[in-house]
Amino acid sequence: MMNIYRNLLLFLVLAALTGCAANYSKQQVLASGSQVEVRSYQTRTYDTDNKIRVLRAVMSTLQDLGFVIDKADDVIGIVSATKLNRYNLSMSISVRPSGQQMIVRANAQYNLTAIEDPGPYQDFFTSLDKGLFLDDNLLANSASTQNIRVEASKNLETDIGEDAFAFYGQAEKEITAGTYDANLWAKAFVLVEGDEQKRKAKYIELRAYQLYNESATAPAKKQATAATKNILPVLPPAVDQSSLKDDISGIWKSNITGGEIHNRNRVITFKQTGNTISGTWDTDPFHKITGVREGDTIKFDWIEGGAMDKEGKWKISPDGFKMEGRWTRIDGIRSGIFDLSRIE
Amino acid sequence: MRYSWGLLLFFTVVIGGCVTIPPDALKLSPSSLADRQLQTRIYEDVTEQQILSASVGIIQDLGANITESETDLGLIVGEKMRDATDPGQVVGAIILALMGGGAGTWDKMQKIKFSLVTAPASSEQDSKRWVVRLTIQRIVWNTQNQVSRREAVKDPEIFQGFFEKLDKSLFLEKQS
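Taken in order, these protein sequences are the chains called D and H.
For the first sequence, position 334 (counting from the first letter as 1) is numbered 334 according to the numbering used here, and the numbering increases by one without interruption.
In the numbering used here, each number is its position in the second sequence, counted from 1, plus 1000.
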């Protein structure tokens, strides 16, 4: 009895050893594992035709993650980078256009083994999404003001291109000086699920976006008033305000929280035809909203390229100037606030 | 009782046999914002090309070879091999050896890599503000040619020194 046990153990130990040992064989030259499956989580598609922008976002994301960029080539669309932190983690990322989209594929190697788990790749793409979004946010803000009033923007100095870095510093100073926003501080605590160490970082992130948005929306408001005076009235007095409640068509500003993205202040243009609602993010082809209106509620689907679809419900305020609601990812794991206020 | 040792061995092999990546290796760390601030400067009223060519000069001043450059994406990479002998470490190793600790090893040489990336500070077509970010890494080998350290260099003085030189160089470039 004892013997059988021992033999079995020996066999298991040997099996475990050979299972993991890297040896010189054809398998080490060719890849192991299911390539189709591995490729699927090494790859993500983005709805943009700007290859350089994606490549630059890849580079800055890698730098944020502690990598040093070794090589980059925009013609073939490759970035290689290494992270040394006692271990040696090397990545190469290729960016390849396909129609109006960019296919981003990442390969990572940890010391002597290829990473074939989905986790690290998901982490990488989460960071890249943020990198592209931060970039996007700048784009959306500077372009949306142009969209609202092209003529007005010629006359007004806008410093919307101001980078977000300045605000990170400011946000950090608030914590050291103890002048932080108590509500946001508490919110940060909830978002990091009670991890005191991450709380500060989360606060800085939230606050920097807030400060950035404040600074970016200020010129937009200024422009809107200037536009009212000079070019086109935003809301002509003759308009029957009650009709705004029945028809939500127009330009709205969003306040979105939750998930991986916070305080997304975007400009969304809605169209209402009968009971059907459609919404487009100004200058951002990533997002589309479709919805059905019933009385003063709208059920919506929110489709975002490269991310899981989301759905939710809004309640329209009696004056038709506000819509309040929440979004939930279809797998139910993420959700957040999705409020809107009317600009025009 | 005997096979419990075998079991222990089995689990050690199963757990330790496969090297796995640390779970936070590809996540933003709490220090990544501070690192970014340390490694980044913003320059105004310059072209990306001016920054890149000035940076090449400075990396050369540091004694490194330029190993990679990409102008469309704004990247310069340079490397240098240097002595890594630390007198303190050598003395320590010798004392250890004298006390019977076996042949001592100490750090012998290091490869230092500089990587500089420029990016437009705003998304306008012809941005005049550029974000310049420098990252540095080093690998250290000991006297037995084993890698003894692999790490990112995050010494604030190094970055300050580098960007001061870049400031001057860009200023001169604008004057000429």
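Cβ atoms here follow ideal geometry from the backbone N, Cα and C, with glycine treated the same way.
Taking CB distances under 8 Å as the criterion, tell me whether N7/D reaches chain H. no
One question on the structure: do K1165/H and I1021/H come within less than 8 Å of each other, judged by their Cβ atoms? no
Would a C-beta distance cut-off of 8 Å place K322/D and K299/D closer than the cut-off? no
Option nearest V1056/H by Cα separation, candidates T1047/H, E1068/H, V1046/H: E1068/H
Consult DSSP for V292/D and reduce its assignment to one of helix, strand or coil. strand
Residues that DSSP places opposite S92/D in a beta bridge: S80/D, N107/D
Sequence-distant residues of its chain with Cβ nearer than 8 Å to S1122/H (five each side left out): R1129
Are the C-beta atoms of F124/D and some chain H residue less than 8 Å apart? yes
Decide if E294/D is buried, meaning its Cβ has at least 16 other Cβ atoms within 10 Å, or exposed. exposed
Identify the continuous alpha helix (DSSP H) that holds E193/D and give its terminal residues. Where E193/D is concerned, there is no enclosing alpha helix (DSSP H), given that its DSSP letter is neither H nor E.
Closest by C-alpha distance to F1171/H, when choosing among V1090/H, Y1043/H, S1148/H: Y1043/H
C-alpha distance - R53/D paired with L132/D, whole-angstrom precision: 8 Å
Check whether the region 1135 to 1143 of chain H touches the region 61 to 69 of chain D, counting contact only when three or more Cβ pairs, one atom from each stretch, lie closer than 8 Å. yes
Excluding five sequence neighbours on each side, which residues of the same chain lie with their C-beta closer than 7 Å to the C-beta of F1159/H? L1038, Q1039, L1134
Assumed close pair I354/D, D296/D - CB separation to whole angstroms, cut-off 8 Å: Given a span of 1 to 344 for chain D in the structure shown, any question on residue 354/D remains unanswerable.
Work out the CA separation of I303/D and A103/D for me, nearest whole Å. Correcting the residue identity first, residue 103/D is Ile in this sequence and not Ala. In a straight line, the C-alpha of I103/D is about 18 Å away from that of I303/D.
Cut-off 7 Å between Cβ atoms - residues of its own chain near I175/D, not counting five sequence neighbours on either side: K200, Y203
Is the separation between the beta-carbon of K1154/H and that of D1035/H shorter than 8 Å? yes
Quick one, which residues of the region 182 to 199 of chain D are near chain H if we go by CB-CB under 9 Å, in chain order? Q197, K198
If you measure between the beta carbons of K1111/H and T1143/H, is that distance less than 8 Å? no
Can you tell which of A81/D, E311/D, K187/D has its C-alpha closest to the C-alpha of W327/D? E311/D
Exposure of I268/D, with buried meaning 16 or more beta-carbon neighbours within 10 Å: buried
Sorted by chain position, which residues of the same chain lie with C-beta nearer than 7 Å to M59/D's C-beta, five sequence neighbours on each side aside? I69, A72, V79
Would you call A182/D buried or exposed, if buried means 16 or more other Cβ atoms sit within 10 Å of its Cβ? exposed
Test: L1062/H CB closer than 8 Å to a CB of chain D: no
is_contact[D1072/H, chain D] using C-beta, thresh 8 Å: yes
E116/D in three-state terms, based on DSSP: coil
Does chain H have any CB closer than 8 Å to the CB of T48/D? no
Near L55/D, which residues of its chain fall below 8 Å by C-beta distance, leaving aside the five closest residues on each side in sequence? A72, D74, G77, V79, V95
With distances taken Cα to Cα, identify the nearest neighbour of N1065/H among A1054/H, V1077/H, T1071/H. V1077/H
In this structure, how does DSSP classify T176/D when only helix, strand and coil are distinguished? helix
Quick one: measure Cβ to Cβ for P1030/H and K198/D, integer angstroms, because I've assumed they're closer than 8 Å. 6 Å
What is the residue span of the alpha helix (DSSP H) that L1178/H lies within? Residue coverage of chain H in this structure runs from 1001 to 1176, which leaves residue 1178/H outside it and unanswerable.
Go ahead and pull the three-state DSSP assignment for V1077/H. strand
Output needed for G1092/H: all residues of its chain with C-beta closer than 8 Å, excluding positions within five of it in sequence on either side, in chain order. G1104, W1106
Given that a residue counts as buried once 16 or more other Cβ atoms are within 10 Å of its Cβ, and exposed if not, what is Q122/D? exposed
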